[in-house]
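Below you'll find the structure, written out as structure tokens, and then a few comments.
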Amino acid sequence: MYNAFNVALNDGCDQLVIIGSDCPGLTVDLIQRAFVCLREYDSVLGPAADGGYYLLGVTSPHPSLFTGKNWSTETVLEDTLVAIRSLNWSVTTLPTLTDIDTVDDLRQIRPDWLIETGGA
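So that you can map any letter, position 97 of the sequence shown is 1306 in our numbering, and since no number is skipped, the others follow by simple counting.
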């Protein structure tokens, strides 16, 4: 992820947002909101209900955002917030959403997602 951020930002992007592909509740509106947040904040996070995140946006890359993390654990969001604060960056968050990591997650989210998307 750091390399993707670094390349894009070094190529002239002044804001970059990366998203997880396992969060059906993530909408275009939320992604647009993340970019709007980056006009005022150095970073933006979309917290996942399991302690991770479904979205990370920054105005400049830093390796500490991606190193030393226990990926796929309930501490990833908090570990990332610690890294952001240690850089003295401003940060804001989007609404907490549920991502899908297991079959049980899918079973839990499916009824709500079907209603929201008109598939029920």
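Every residue, glycine too, gets a C-beta built ideally from N, C-alpha and C.
- In this structure V1253 does not touch T1289 by the C-beta definition: roughly 11 angstroms separates them, more than the 8 angstroms allowed.
- Counting only residues of its own chain and dropping the five nearest sequence neighbours on each side, P1270 has a CB closer than 7 angstroms to the CB of Y1211, F1214, N1215 and L1218.
- Residue burial annotation: V1245 is exposed, with fewer than 16 other C-beta atoms found within 10 angstroms of its C-beta.
- Exclusion of the five residues before and after A1257 leaves G1229, C1232, Y1263, L1286, T1305, L1306, T1307 and D1308 as the residues of its chain whose Cβ lies within less than 8 angstroms of its Cβ.
- Shown here for L1225: same chain residues with a beta carbon closer than 7 angstroms to its own, the five before and five after excluded, namely F1214, A1217, L1218, G1266 and V1267 in chain order.
- E1249 and L1235 have their C-alpha atoms spaced approximately 21 angstroms apart.
- Judged by DSSP in its simplified three-state form, S1252 adopts strand.
- In the DSSP assignment, I1228 falls within the beta strand (DSSP E) that extends over L1225 to I1228.
- The DSSP-derived three-state label of T1289 is helix.
- Contact between L1239 and G1255 holds, since their C-beta atoms are separated by about 7 angstroms, short of 8 angstroms.
- By a beta-carbon distance limit of 8 angstroms, W1298 does not contact D1259. Their separation comes to about 24 angstroms.
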